[in-house]
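Student:
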Amino acid sequence: DAGVTQSPTHLIKTRGQQVTLRCSPKSGHDTVSWYQQALGQGPQFIFQYYEEEERQRGNFPDRFSGHQFPNYSSELNVNALLLGDSALYLCASSSTTSFYNEQFFGPGTRLTVL
Amino acid sequence: RKEVEQDPGPFNVPEGATVAFNCTYSNSASQSFFWYRQDCRKEPKLLMSVYSSGNEDGRFTAQLNRASQYISLLIRDSKLSDSATYLCVVNGAWSGAGSYQLTFGKGTKLSVIP
Chain A
893 DAGVTQSPTH LIKTRGQQVT LRCSPKSGHD TVSWYQQALG QGPQFIFQYY EEEERQRGNF
953 PDRFSGHQFP NYSSELNVNA LLLGDSALYL CASSSTTSFY NEQFFGPGTR LTVL
Chain B
24 RKEVEQDPGP FNVPEGATVA FNCTYSNSAS QSFFWYRQDC RKEPKLLMSV YSSGNEDGRF
84 TAQLNRASQY ISLLIRDSKL SDSATYLCVV NGAWSGAGSY QLTFGKGTKL SVIP
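Chains as they are written, first to last, in the working numbering: chain A, 893 to 1006; chain B, 24 to 137.
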């Protein structure tokens, strides 16, 4: 049973560029959440997708956008990259049928903005 | 008061010791509580969901005190492999956060020493 997968594992971009990160949820999960983790900090919630719509959003600017596909996979897009966007980007999947709604994380994409 | 607050540590303990982590959260309406562990440069992994009555899984015991808005994790008979950062996580941790949003503490680093 494959867990949450993310691609790419590492990415280097320059300021002003745009980036797309991808996530496939765990089998049986229908919800995908995205988090940003800066060095030495806990993950910060960006947004959550369910039924191909953004269900909830954290305190991130509109430069951060996403998409969920019919097969439940998801993309995170970041436009006009800033140096401060350098971080580990984590995708987590969960199932709406789970009572406790536990979220399971993928290995992350490490983004470096130069 | 911060949304989810943990002692940053680090905690350095000998093998076989008992160690306790504490966490407080600010929204009395929060419903779901978790402990995750995170190894260096890896993704967070779900360690335990914390149930209202408290729960135990082998050497690990989690407790929830809703009145004090306080969560704890106890690790007995520490092993070298327990060395990691332990993250306290709350769903809907602040009044403006949606119930689907996980809010993470900054984590407490544990080093178990031979």
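Positions of the beta carbon are idealized from the N, C-alpha and C atoms, including for glycine.
From a predicted model like this one, the values you see are computed outputs, not experimental measurements.
#1: By how many angstroms is the C-alpha of Tyr48 of chain B removed from the C-alpha of Glu26 of chain B?
#2: What separation, rounded to the nearest whole angstrom, lies between the Cα atoms of Asn45 of chain B and Leu87 of chain B?
#3: Counting only runs of 3+ residues fully inside the stretch 935-1003 of chain A, write out the beta strand (DSSP E) ranges in chain order.
#4: Closest by CA to Ser899 of chain A, which one among A:Gln936, A:Ala930, A:Cys983, A:Gly934?
#5: Under three-state DSSP, which class holds Ser104 of chain B?
#6: For Gln940 of chain A, decide whether its Cβ has a neighbour in chain B, counting only Cβ atoms nearer than 7 Å.
#7: Below 7 Å between beta carbons: does that hold for Pro912 of chain A and Asn969 of chain A?
#8: Under 7 Å Cβ-Cβ, which residues of chain A neighbour Gly32 of chain B?
#9: Can you find the residues in the same chain that come closer than 6 Å, C-beta to C-beta, to Gln909 of chain A, ignoring five residues on each side of it along the sequence?
#10: Counting Cβ pairs, one atom from each stretch, are 3 or more of them under 8 Å apart for the stretch 97-114 of chain B and the stretch 60-77 of chain B?
#11: Mapping DSSP to helix, strand and coil, what is Gln909 of chain A?
Tutor: In terms of the structure at hand:
#1: Approximately 5 Å, taken between the alpha carbons.
#2: So the two alpha carbons sit approximately 10 Å from each other.
#3: If only complete runs of 3 or more residues are kept, the stretch 935-1003 of chain A shows the beta strand (DSSP E) at 936-942, 945-949, 956-960, 966-970, 979-986, in order along the chain.
#4: The shortest Cα separation from Ser899 of chain A among A:Gln936, A:Ala930, A:Cys983, A:Gly934 belongs to A:Cys983.
#5: The answer is helix: DSSP assigns Ser104 of chain B an H, G or I state.
#6: Yes, contact with chain B.
#7: Looking at the sequence provided, one finds Thr at residue 912 of chain A rather than Pro. The answer is yes: Cβ separation under 7 Å.
#8: Neighbours of Gly32 of chain B on chain A: none; closest Cβ ~12 Å, over 7 Å.
#9: Within its own chain, the residues whose Cβ lies closer than 6 Å to the Cβ of Gln909 of chain A, once the five positions on either side in sequence are excluded, are Leu973, listed in chain order.
#10: They touch, by the three-pair rule.
#11: Assignment of Gln909 of chain A by DSSP, reduced to helix, strand and coil, places it in the coil class.
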